[in-house]
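One structure below.
In our numbering, the protein residues as written are 6 to 231.
As structure tokens, then:
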């Protein structure tokens, strides 16, 4: 059974080497910007929520299957139960529909209380509309009340590739982490009501993964270059 711990406790218990191998973090797919989430089910287990989210994110699981990953759900194991260490400040969502090319790729909350962005910090678009990728990535929740919450952060060894609201409480973020063995798919199951998340790691590892391949496919409407 997993006991909830905060990030500092996790670092102390797991040790620095293991923690770096799991996640470099500080502390949310569907058709672009819209949610297929239903209402929250208080009896749903974390495994059922993960399965539901992965089924919605079929393009992501298919992408990893092309790299050799077996059945996505059976390959994931829960490795941590952590508290979100929210970094909050006043800021209105700057990624406006019709004004910013990444607006189409945001994730609107099912009850319209805000919008999650996972790409703006990672994807740089210059004045000539050329796209490049920054080293780090964030998951940001822009609330309708004008507050900006950073839910997750990851450094150059990992990437948030996609996300989906499973219901009004749970957000599933998927991506990968790179360690000495290679690239492993990861999943972050966030509970925004309780400011916590479960971290899942796939047992599948690939050594030669195209680190930006999924983003290039998903963001193909942008000018991504060669």
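The beta-carbon is built from N, C-alpha and C at its ideal position, and this holds for glycine as well. All values reported here derive from a predicted model rather than from experimental measurement.
Neighbourhood of residue i by C-beta, 7 Å cutoff - its chain only, sequence neighbours within 5 removed
i           : result
residue 196 : 174, 175, 202
residue 98  : 120, 147
residue 107 : 100, 124, 125, 128
residue 54  : 171, 175, 194
Sequence-distant residues of its chain with Cβ nearer than 8 Å to residue i (five each side left out)
i           : result
residue 80  : 74, 190, 207, 208, 209
residue 39  : Its pLDDT being 42, under 50, residue 39 is placed unreliably by the model, and nothing is read from it.
residue 51  : 83, 194, 203
residue 104 : none
Close Cβ partners of residue i (< 6 Å) along its chain, the five nearest in sequence each way excluded
i           : result
residue 167 : 34, 62, 65, 179
residue 154 : 91, 93, 146
residue 213 : none
residue 17  : Any reading at residue 17 must be qualified, since the residue scores a pLDDT of 40, below 50, and its modelled position is unreliable; the value itself is stated next. Closer than 6 Å at Cβ, skipping near neighbours: no residue.
residue 69  : 190
residue 96  : 153
residue 49  : none
Proximity of residue i and residue j at Cβ, strictly below 8 Å
i           : j           : result
residue 200 : residue 59  : no
residue 156 : residue 89  : yes
residue 152 : residue 93  : yes
residue 87  : residue 56  : no
residue 188 : residue 211 : yes
residue 177 : residue 216 : no
residue 149 : residue 118 : yes
residue 115 : residue 76  : no
For residue i, the residue or residues it bridges with in DSSP
i           : result
residue 122 : 145
residue 196 : 175, 201
residue 189 : 182
residue 52  : BP columns for residue 52 are empty, so no partner.
residue 163 : 182
residue 57  : In DSSP, residue 57 forms no bridge with anything.
residue 157 : 144
For residue j and residue i, believed in contact at Cβ under 8 Å, the rounded distance
i           : j           : result
residue 139 : residue 158 : About 12 Å separates the two Cβ atoms, so there is no contact after all.
residue 219 : residue 83  : At roughly 23 Å, the Cβ-Cβ gap does not stay under 8 Å, so residue 219 and residue 83 are not in contact.
residue 160 : residue 132 : Going by Cβ atoms, the distance from residue 160 to residue 132 rounds to 27 Å, so no, they are not a contact pair.
Near the ligand COA: residue i beta-carbon under 7 Å from a heavy atom
i           : result
residue 182 : The ligand COA is absent from the structure shown, which contains no ligands of any kind.
Quiz item: Fully enclosed by the stretch 66–141, which alpha helix (DSSP H) runs are 4 residues long or longer?
Solution: Restricted to the stretch 66–141, the alpha helix (DSSP H) segments that are unbroken, complete and at least 4 residues in length are 77–80, listed in chain order.
Exercise. Counting only runs of 4+ residues fully inside the stretch 203–228, write out the alpha helix (DSSP H) ranges in chain order.
Key: Counting only runs of 4 or more, we get 218–223.
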